[in-house]
Amino acid sequence: MKKSFWITFLCSLMLAACSREEWMKPPGGEGSKAVFVLQCADYEGEDVPSRLVTSKGRTYDRVVFYVADEAGRVVTNLKGFYDYAASEIHLEGLQEGDYTLLVLGIRGDAGQDGVSIRELNNVSEPWLIFPAQLSKPLEADYFYSRTSFSVSRKPGVDGAEIIVSAPGQIVQRRIAGRVDFSFAFRNPYVRTAVVHKEVIWDAVSFYTTLSGDGSLSDEVDMQPVVWPLDSVASFCLPPASGEVPLQGAVTVLTRDYRKNQIERTYDFTVDSLVSNRIYRVHTPVVHPDDKAGVMFVTPMAYEEGGHAKILQDEERKEIYTDTRQRSFDTSQPLQVEITDDGRLHMRFYSPRDLSDVLVRARFPSVSDEYIDLAYFDTVPAFADFYGQIPLFTSECMYRTVSGKWIKVPPQPLTAALDASYEVISGDAYWEKLQAIRHGWKVTFNLYGGDPDQPNGGPAGNWMGIRPVHCREVVAFFLNFTYMIDMQEHEDILRANEDRLYGNGGVTDKVSAETVLKQMRQPRSLRVGLVYTGNGVLGLGGGDVFGAYQGAWLSHYTDTYACEVMFHELGHVMGYSHDSAFTYGPWAQELMNQFYVDHLYLMPIDSPDYLKSKQSPALYK
């Protein structure tokens, strides 16, 4: 059954829900039948030429229609309904004469606008009433049409034939007008740093009443009002009365990377607002930072840049196991460089976001001082950012470390060859990363395994490491290399020095100082994923390190998982199973327990950053 609405005109307008099949039954009296197809016209002033669009698929939420006679009186002895699916008005029971079809279509909730719709007895009566106090733009769309048609009788062989002379298509036009606001920015980083935009309307008069015949009346003054432009750039308003232009101002509030806010206001004027027309207010924003060269990367700028992330589940094994593309030093997890084509490249080996990040660079050809090159509200976890540096494309102003502003003409790409960088951040997380003074270099290795296979393609005691494991590798080794410089860690080693022994057994004493030197010396590790099918949980020695999947998932809180990790680290440090550093107290009691107990102090202090246990990329 199709959704249909019957309109019966008796003494007053009455609505009933009936099926189209019911309507098609003989009415039981003489009279003609007529079908009118509704179409919606575009706004005048659209970017595309004006065209008619059938409302099919753009269904009205409410349709009200009347048929009036030559004298303007509403005809009361008709049946009709609006077919929402076909966008058609069906009428039955028309007698000879000249008529006018009045149609009001609404998309949206008129109640939200405070709009009222009155019953009509005559076309001259008020029909649609807008609120007297317009405190916000209209949310619904309101369409109106007035169409003349006639009904006549023509003699025929089988009797009189009833003829309806009417357009088959009725063009509906919007009652309201629309004002569109747009902005142009000279510096894209100013645009993405907008905090707030608003429009301030001067006092203006609007019509509030649409009569059945389409005439507008009842003027009301809208007092100066402020409407936000942050999420909405178009406003629908009732037609303005008279020929007085609409005037107002737009205000743009931005912030800069040094946390200053800057407000600019621009006046505008548009022609008097009429029905079914778009008016455009375009504002070229002139801003103090138009010539600023710093790359101010707000969350909006970052999102619009479409920047990738490293070590994501979809990353191919040929990429994350290629040491030229994926490797990092735990003491420098945020990698900064300028590419050959003049782009700033920042890659972040971190499970956590980093906020409040200022990148400075020193170019000997520019200044002896570092200049502010880029500022990031947030560098996301595992970010892989590329952005064109204005320094190489245009003349810009830059702030130096001493606070001076210098004008720098466009530099050749060769200027980057002698550049040096420093990163400043007020984030407490950055302070922890900076505390990693003795970094280990980490890469990822398959060791013959195949991560594309459901079982990891085991090869001996190895299986294919996947990005979900690589992310945990980053977390663990950031924590481990942070731990080795913790004073609490050094204290526990010295307090248990008498329990530390080397490959010669319990009499082969090893000093805490020796262990600290071994842990703090530069090392490179090729990290893989251990296959447990042969009863092996971990592998380590030299530059080789690996652990089973469960250990990578549980190292935060599970002392047994940590025991496996530190056992293999003991091998990496050169110790055998006869030492305290594998099956002895260093791995099985001191380090594993220390790691778990002091996790809250470490850079990656929770498994909730990665949520690896919930990853569908894990091996089953």
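Start counting at 1 in the sequence shown, then tack on 38, and there's your number in my numbering. C-beta atoms are modelled at their ideal positions from N, C-alpha and C, and glycine is treated no differently.
Nonlocal neighbours in the same chain, by C-beta distance under 7 angstroms from residue i, ignoring five residues either side
{"i": "G608", "result": "S617, F619, T620, W624, A625"}
{"i": "T431", "result": "P448"}
{"i": "A412", "result": "V332, M333, V335, L382, V397"}
{"i": "R229", "result": "F223"}
{"i": "G543", "result": "D616"}
Cα-Cα separation between residue i and residue j, rounded to whole angstroms
{"i": "V308", "j": "I316", "result": "10 angstroms"}
{"i": "T519", "j": "I376", "result": "27 angstroms"}
{"i": "S220", "j": "T292", "result": "16 angstroms"}
{"i": "E469", "j": "S440", "result": "23 angstroms"}
{"i": "S592", "j": "F514", "result": "10 angstroms"}
{"i": "D646", "j": "G83", "result": "52 angstroms"}
{"i": "D327", "j": "P402", "result": "24 angstroms"}
{"i": "A271", "j": "F168", "result": "22 angstroms"}
{"i": "W239", "j": "R318", "result": "15 angstroms"}
{"i": "G573", "j": "F583", "result": "17 angstroms"}
{"i": "S186", "j": "E257", "result": "28 angstroms"}
{"i": "H605", "j": "Q525", "result": "22 angstroms"}
{"i": "V610", "j": "Q556", "result": "10 angstroms"}
{"i": "P266", "j": "D151", "result": "17 angstroms"}
{"i": "R385", "j": "V512", "result": "13 angstroms"}
{"i": "E134", "j": "G194", "result": "16 angstroms"}
{"i": "A287", "j": "S313", "result": "22 angstroms"}
{"i": "D259", "j": "P175", "result": "14 angstroms"}
{"i": "Q207", "j": "A123", "result": "16 angstroms"}
{"i": "T438", "j": "H345", "result": "28 angstroms"}
{"i": "I522", "j": "D465", "result": "22 angstroms"}
{"i": "Y638", "j": "S644", "result": "8 angstroms"}
{"i": "E352", "j": "Q426", "result": "26 angstroms"}
Residues bridged to residue i [DSSP beta-bridge criterion]
{"i": "W478", "result": "R561"}
{"i": "F660", "result": "Outside the modelled stretch of the chain, which goes from 39 to 658, sits residue 660, for which no answer is possible."}
{"i": "C274", "result": "L176, R216"}
{"i": "P322", "result": "A222"}
{"i": "W443", "result": "R437"}
{"i": "G135", "result": "V189"}
{"i": "E301", "result": "L291"}
{"i": "W239", "result": "V263, G286"}
{"i": "N160", "result": "R111"}
{"i": "Q449", "result": "Beta-bridge pairing links Q449 to no other residue."}
{"i": "V141", "result": "F103, S183"}
{"i": "K71", "result": "E130"}
Outcome for residue i when other beta-carbon atoms lying within 10 angstroms are tallied against a minimum of 16
{"i": "W443", "result": "exposed"}
{"i": "R475", "result": "exposed"}
{"i": "T545", "result": "exposed"}
{"i": "P371", "result": "buried"}
{"i": "S225", "result": "Residue identity check: residue 225 is Asn in the sequence provided, not Ser. N225 should be labelled buried."}
{"i": "I357", "result": "exposed"}
{"i": "A533", "result": "exposed"}
{"i": "Q472", "result": "exposed"}
{"i": "E601", "result": "buried"}
{"i": "Q191", "result": "Reading off the sequence, residue 191 comes out as Arg, not Gln. When all chains shown are included, R191 counts as exposed."}
{"i": "E277", "result": "In the sequence as presented, Glu is not what sits at residue 277; that position holds Pro. Label assigned to P277: buried."}
{"i": "R362", "result": "exposed"}
{"i": "H320", "result": "exposed"}
{"i": "T11", "result": "The shown model of the chain, from 39 to 658, leaves out residue 11, and the question about it has no answer."}
{"i": "R364", "result": "buried"}
{"i": "G118", "result": "buried"}
Cβ-based neighbour list, residue i, same chain, cut-off 6 angstroms, excluding 5 preceding and 5 following
{"i": "G143", "result": "Y98, V101, F181, Q210"}
{"i": "H383", "result": "E375, T377, Y424"}
{"i": "V73", "result": "E126, H128"}
{"i": "A231", "result": "T292, R293, F334, T336"}
{"i": "P654", "result": "none"}
{"i": "V264", "result": "E236, I238"}
{"i": "S562", "result": "K479, D581"}
Same chain, Cβ closer than 8 angstroms to residue i, neighbours up to 5 away in sequence not counted
{"i": "Q261", "result": "A241"}
{"i": "Q652", "result": "none"}
{"i": "G66", "result": "The pLDDT assigned to G66 is 36, lower than 50, so where the model puts this residue is not dependable; a value taken from the coordinates is nonetheless given after this. Excluding positions up to five away in sequence, the list is empty."}
Beta carbon of residue i nearer than 9 angstroms to that of residue j
{"i": "Y104", "j": "V189", "result": "no"}
{"i": "K355", "j": "L484", "result": "yes"}
{"i": "D490", "j": "G502", "result": "yes"}
{"i": "P389", "j": "L648", "result": "yes"}
{"i": "C274", "j": "R184", "result": "no"}
{"i": "S549", "j": "E528", "result": "no"}
{"i": "D136", "j": "E163", "result": "no"}
{"i": "P567", "j": "G487", "result": "For the record, residue 567 in the displayed sequence is Leu; it is not Pro. Yes, the Cβ-Cβ distance between L567 and G487 is below 9 angstroms."}
{"i": "V112", "j": "N159", "result": "yes"}
{"i": "P496", "j": "G612", "result": "no"}
Residue i CB to nearest heavy atom of the ligand MG below 8 angstroms
{"i": "D147", "result": "Ligands are entirely absent from the displayed structure, and the ligand MG is therefore not among its contents."}
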